[in-house]
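**Q** I'd like to ask you about the structure that follows.
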Ligand code: ADP
Ligand code: NI
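In UniProt numbering, the protein residues as written are 1 to 202.
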């Protein structure tokens, strides 16, 4: 019961924070990362509760998304304390949230942190990953693609980052899903480039 009311409180809080995000970091990104964090934790023998909560909150305090990242993280942790989460669990959630992001370039210390990072990376690849990439690109006035190789476009982002993610996955269970999503992106890019190039063929 405590857990159900905690999740409802977190969901309401995240709706407030992320409902209007147009960059691929909306409420449903948090929901998917929480879902996969819990599922992966169950398969990998980690703590599903810690992973799920850290999954929900993993982007709270991201420097790209918050003007005052430290204040945002503290507010989220205060919310957990007010809901009666044990101090020890809060610390674990804090650790798992701390260095999840690929862009921060760190490898999490705990299995729970690795799992949340895997869940976040899964959401950056596959069909949803493709959609998020173009959403991010549009929100940042970035072109879809360009004839000049190496231009900073959304298609270029696949080569710079997304096609590398499946090799960076930590856990066996996430790896299986990542490989399917990776192949989907490879097929998508092949078709995209075919449709792009066909106009240059006459
Ligand atoms: P994280 O927040 O997980 O550290 P990012 O913010 O780099 O990672 O990526 C989050 C989402 O934004 C991903 O779906 C990613 O594809 C997209 N994204 C990040 N940078 C770019 C970019 N330069 N062009 C297009 N999409 C991007
Ligand atoms: Ni994220």
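From the three backbone atoms N, C-alpha and C, an ideal C-beta is built for every residue, glycine too.
(1) Reducing DSSP to helix, strand and coil, say where residue 190 ends up.
(2) How many whole angstroms separate the CB atoms of residue 166 and residue 179, which I take to be in contact at a CB cut-off of 8 Å?
(3) Leaving out five residues on either side along the sequence, give the residues of the same chain with a beta carbon under 7 Å from the beta carbon of residue 86.
(4) If we ignore side chains and look at the alpha-carbon of each, how far apart do residue 177 and residue 125 end up?
(5) Our contact map puts residue 32 next to residue 123 with C-beta atoms below 8 Å; I'd like the distance itself, whole angstroms only.
(6) At a cut-off of 7 Å, would you count residue 33 as near the ligand NI, judging by its Cβ distance to the nearest heavy atom?
(7) Hey, is residue 87's beta-carbon within less than 8 Å of any beta-carbon in chain B?
(8) Going by beta-carbon coordinates alone, are residue 169 and residue 121 separated by less than 8 Å?
(9) Going by C-alpha distance, which of 147, 92 and 78 is nearest residue 198?
(10) Identify, in the order they occur along the chain, each residue of the same chain with its Cβ nearer than 6 Å to the Cβ of residue 53, setting aside the five sequence neighbours on each side.
(11) Contact between the stretch 28-45 and the stretch 73-84 is defined here as three or more beta-carbon pairs at a separation below 8 Å; is this criterion met?
**A** Inspection of the coordinates gives the following:
(1) helix
(2) 6 Å
(3) none
(4) 10 Å
(5) 5 Å
(6) yes
(7) This model lacks chain B altogether, as it is built from one protein chain only.
(8) yes
(9) 147
(10) 93
(11) no
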